[in-house]
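Participant:
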Amino acid sequence: MLDLTRLRREAVEAPESGIVAVVNHARGREGIIPMWAGEGDLSTPKFIADAAAQSLSEGETFYTWQRGLPELREALSAYSSRLYGQNLEPERFFVTGSGMHAIQIALMALAGAGDEVVFIGPVWPNFSAAAGLMGASRREVSLDFEAGRWSLDLGKLKAAITDKTRVLFVNTPSNPTGWTADRETLAAILAIAREAGIAVIADEIYARFYYDGPRAPSFHDVMAAHDAILFVNSFSKNWAMTGWRIGWIEASPALGQIVENLIQYSNSGVAAFMQRGAVAAVTRGEDFVENQIARAETARDIFCDILTATNRVELTPPDGAFYAFFKIDGVTDTRAAAFRIVDEAKVAIAPGTAFGPNGAPFFRACFHRRIDEVEAAAHRLAEWIGYQV
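With my numbering applied, the sequence shown corresponds to residues 30 to 418, in that order.
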């Protein structure tokens, strides 16, 4: 057996995913409604899969462009330029092997041993874990939760930044809270980063899953050309491509060779046939995206209405993303309760402990599923809350 002392401390101490723990407990059981992970229930649309299959059938299986196929970078440029009303040239876009890979590349470029990264939480745990694997120390600035609403104390954020801070990570709309920063808040966050001379990693993966307009407010709306912002994004959510593992970074073209090198030394580029599917997604997938958002909004309202009617759940319908992040009156150990809910209610949700200490009193349920499943899951949870707690 390998002596673990031979391994890097950061690798040994990498935390187990509290989300995956529930998945492993529930996977394969009959009758479980899975609301555990951040994905919908729809398979990738046929027009996307067909584009990838055609590429495979034509033998497009060789090494490819490290920064991404020119056709995909041009498609991302056109898509993003429409979305944000700006001219975002193809040279700003770099294709990665998932949104998680995009985060890792951005971190590798910006922070390492001895550096600090600051992030706004509760947040998807993978960012903090990835920063820890880089050897960086992490400081969480927790959102305030009052009367069922989340808000950011800008004073707390500014106070958390030290002379060792290199990166500020901002996820909005947020996984898991649904908190969505308005334009004024984004401008204030950016002003803090400018004053401190630090970079921002902007995770706007859920920008399209916003329920008060065509997209969420973005750093694109408030930034200047010289601002050090790296946007990380993914094909997973908008186009039902979670299993594909393909994403992108948007950043200044001045970083082009650096990002290319980091891609080369990590996964050496994304398979060309997967990128052909991604081209089809961004050029032909707008109707699919809009239908997904409308479906998620309906599911959100149904799920939240049923749970709040119990009078034992603290929950406000989220402004963005597709998660309900809620407290159940009387439940203190959400990890243990999440396993009980699988066993007793046949609904699989993630415990708030998976999202750090500030998320511990909460549960996260992904409501981006078929409406009848969402309704059934909400009724099962309501019954469990009423009779089992």
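All C-beta atoms in this analysis are idealised placements derived from N, C-alpha and C, irrespective of residue type, glycine included. Keep in mind that this is a model prediction, so the values were computed, not measured.
Tell me which residue opens and which closes the beta strand (DSSP E) that THR194 is part of.
Facilitator: For this step, residue 194 is matched to residue 165 along the sequence shown. Unbroken beta strand (DSSP E) run through THR194: 194 to 200.
Participant: With burial defined as no fewer than 16 other Cβ atoms inside 10 Å of the residue's Cβ, what is the status of PRO151: buried or exposed?
Facilitator: In the sequence shown, counting from the first residue as 1, residue 151 sits at position 122. It is buried - the Cβ of PRO151 has at least 16 other Cβ atoms within 10 Å.
Participant: Which same chain residues end up closer than 6 Å to ALA210 when comparing Cβ atoms and leaving out the 5 residues on each side of it in sequence?
Facilitator: Residue numbering aside, residue 210 sits at position 181 when the sequence shown is read from its first letter. The residues are THR201.
Participant: Around the Cβ of HIS397, are there at least 16 other Cβ atoms within 10 angstroms (buried) or fewer (exposed)?
Facilitator: In the sequence shown, residue 397 corresponds to position 368, counting from 1. That one is buried.
Participant: How many angstroms separate the CA atom of GLU217 from the CA atom of GLY272?
Facilitator: In the sequence shown, counting from the first residue as 1, residue 217 sits at position 188. In the sequence shown, counting from the first residue as 1, residue 272 sits at position 243. The sequence shown places Ala at residue 217, rather than the Glu named in the question. C-alpha separation (whole angstroms): 36 Å.
Participant: With a 10 Å radius around its C-beta and 16 neighbouring C-beta atoms as the bar for buried, classify LYS185 as buried or exposed.
Facilitator: For the purposes of this step, residue 185 is taken as residue 156 along the sequence shown, with counting starting at 1. Classification of LYS185: exposed, given that the 10 Å Cβ count is below 16.
Participant: Of the residues TYR239, ALA104 and VAL229, which one's Cα is nearest the Cα of VAL251?
Facilitator: Along the sequence shown, one-based indexing puts residue 251 at 222. Taking only the C-alpha atoms, the option nearest VAL251 is VAL229.
Participant: Excluding five sequence neighbours on each side, which residues of the same chain lie with their C-beta closer than 7 Å to the C-beta of ALA328?
Facilitator: In the sequence shown, counting from the first residue as 1, residue 328 sits at position 299. Counting only Cβ-Cβ distances below 7 Å, and skipping sequence neighbours, we find PHE396, HIS397, ARG398, ILE400 and VAL403.
Participant: Can you list, in chain order, the residues of its chain whose CB lies under 7 Å from that of LEU105, leaving out five sequence neighbours each side?
Facilitator: Numbered from 1 along the sequence shown, position 76 holds the residue referred to as residue 105. Counting only Cβ-Cβ distances below 7 Å, and skipping sequence neighbours, we find PHE122, TRP277 and VAL311.
Participant: Tell me, which residues are paired with ILE278 by DSSP?
Facilitator: Indexing the sequence shown from 1 puts residue 278 at position 249. PHE123 and VAL261, per the DSSP bridge assignment.
Participant: Using a Cβ-Cβ cut-off of 7 Å (strictly less than) and excluding sequence neighbours within five positions of ALA406, which residues of its own chain qualify?
Facilitator: Translated into positions along the sequence shown, residue 406 becomes position 377. The answer, listed in chain order, is ILE62, MET64 and VAL376.
Participant: For GLY207, count neighbouring Cβ atoms within 10 angstroms of its own Cβ and tell me buried if that reaches 16, exposed if not.
Facilitator: On the sequence shown, position 178 is the one that residue 207 refers to. GLY207 is buried by the Cβ-count criterion.
Participant: Out of ASP79, ARG178, MET137 and GLY97, state which residue places its alpha-carbon closest to the alpha-carbon of GLY349.
Facilitator: In the sequence shown, residue 349 corresponds to position 320, counting from 1. Nearest option by C-alpha distance: ARG178.
Participant: Could you tell me the distance, in whole angstroms, from the CA atom of ALA325 to the CA atom of ASP32?
Facilitator: Position 296 of the sequence shown, counted from the first residue, corresponds to residue 325. Position 3 of the sequence shown, counted from the first residue, corresponds to residue 32. ALA325 and ASP32: Cα-Cα distance of roughly 48 Å.
Participant: Excluding the 5 residues flanking ALA160 on each side, which residues of the same chain have their C-beta closer than 7 Å to its C-beta?
Facilitator: Counting from one through the sequence shown, the residue named residue 160 turns up at place 131. Cβ neighbours of ALA160 beyond the five flanking positions: LEU136, ALA140, VAL146 and ARG167.
Participant: Counting beta carbon pairs with one atom in the stretch 293 to 303 and one in the stretch 82 to 102, are three or more of them shorter than 8 Å?
Facilitator: Cβ pair count under 8 Å is three or more, so yes.
Participant: Nearest-angstrom Cα distance between GLU343 and ILE149?
Facilitator: Locating residue 343 in the sequence shown gives position 314, where the first residue counts as 1. Locating residue 149 in the sequence shown gives position 120, where the first residue counts as 1. GLU343 and ILE149: Cα-Cα distance of roughly 21 Å.
Participant: Rank ALA374, TRP413 and TYR352 by C-alpha distance to the C-alpha of PHE392 and give the top, closest one.
Facilitator: If you number the sequence shown from 1, residue 392 lands on position 363. Ranking ALA374, TRP413 and TYR352 by Cα distance to PHE392 puts TYR352 first.
Participant: Once the 5 residues before and after PHE264 are set aside, which same chain residues still bring their CB inside 7 Å of it?
Facilitator: As a working mapping, residue 264 is identified with position 235 in the sequence shown. MET270, TRP273, ILE275, GLY276, ALA307 and ALA310.
Participant: Could you pull the DSSP bridge partners for ASP173 from this structure?
Facilitator: The count along the sequence shown starts at 1 and reaches residue 173 at position 144. In DSSP, ASP173 forms a bridge with SER180.
Participant: Can you tell me whether SER166 is helix, strand or coil according to DSSP?
Facilitator: Working through the sequence shown from its first residue, we reach residue 166 at position 137. SER166: strand per DSSP, three-state reduction.
Participant: Could you tell me the distance, in whole angstroms, from the CA atom of ILE378 to the CA atom of VAL371?
Facilitator: Stepping through the sequence shown from its first residue, residue 378 is reached at position 349. Stepping through the sequence shown from its first residue, residue 371 is reached at position 342. Cα to Cα, ILE378 sits roughly 8 Å from VAL371.
Participant: Can you check the stretch 217 to 250 for any alpha helix (DSSP H) of at least 4 residues that lies completely inside it and give the ranges in chain order?
Facilitator: The qualifying runs do not exist here; there are none.
Participant: In the structure shown, what three-state DSSP assignment does VAL342 receive?
Facilitator: Against the sequence shown, residue 342 aligns to sequence position 313. VAL342 falls in the strand class under three-state DSSP.
Participant: Please give the ranges of any alpha helix (DSSP H) in the stretch 291 to 363, keeping only runs that are unbroken, at least 4 residues long and fully inside the region.
Facilitator: Segments of the alpha helix (DSSP H) lying fully in the stretch 291 to 363: 301 to 313 and 315 to 337.
Participant: Distance, Cα to Cα, GLU412 vs ALA374?
Facilitator: Reading the sequence shown from its first residue, position 383 is the one you call residue 412. Reading the sequence shown from its first residue, position 345 is the one you call residue 374. The alpha-carbon atoms of GLU412 and ALA374 are separated by roughly 8 Å.
Participant: With a CB to CB cut of under 8 Å and the five nearest residues on each side skipped, what residues in its chain are close to ARG37?
Facilitator: As a working note, residue 37 is residue 8 in the sequence shown. Nothing meets the Cβ criterion.
Participant: Just mark HIS249 as buried or exposed, buried being the case when its beta carbon has 16 or more other beta carbons within 10 Å.
Facilitator: For the purposes of this step, residue 249 is identified with residue 220 of the sequence shown, where counting begins at 1. It is buried - the Cβ of HIS249 has at least 16 other Cβ atoms within 10 Å.
Participant: Using only alpha-carbon positions, find the residue among PRO243, LYS356, ALA338 and GLY385 that is nearest to ASN320.
Facilitator: Residue numbering aside, residue 320 sits at position 291 when the sequence shown is read from its first letter. Nearest option by C-alpha distance: PRO243.
Participant: Indicate the three-state DSSP secondary structure (helix, strand or coil) for ARG393 in the structure shown.
Facilitator: Residue 393 sits at position 364 when you count from the first residue of the sequence shown. Residue state, collapsed to three classes: strand.
Participant: Could you check how far apart the C-beta atoms of PHE302 and LEU85 are, in whole angstroms? I think they sit under 8 Å.
Facilitator: Within the sequence shown, numbered from 1, the residue matching residue 302 stands at position 273. Within the sequence shown, numbered from 1, the residue matching residue 85 stands at position 56. About 5 Å; that satisfies the 8 Å criterion.
Participant: Distance check for HIS408 and ASN262, CA to CA, integer angstroms please.
Facilitator: Locating residue 262 in the sequence shown gives position 233, where the first residue counts as 1. Locating residue 408 in the sequence shown gives position 379, where the first residue counts as 1. ASN262 and HIS408: Cα-Cα distance of roughly 34 Å.
Participant: Nearest by alpha-carbon distance to ILE331: which of THR345, ARG341 and GLN83 is it?
Facilitator: For the purposes of this step, residue 331 is taken as residue 302 along the sequence shown, with counting starting at 1. Comparing Cα-Cα distances from ILE331 to each of THR345, ARG341 and GLN83, the minimum goes to THR345.
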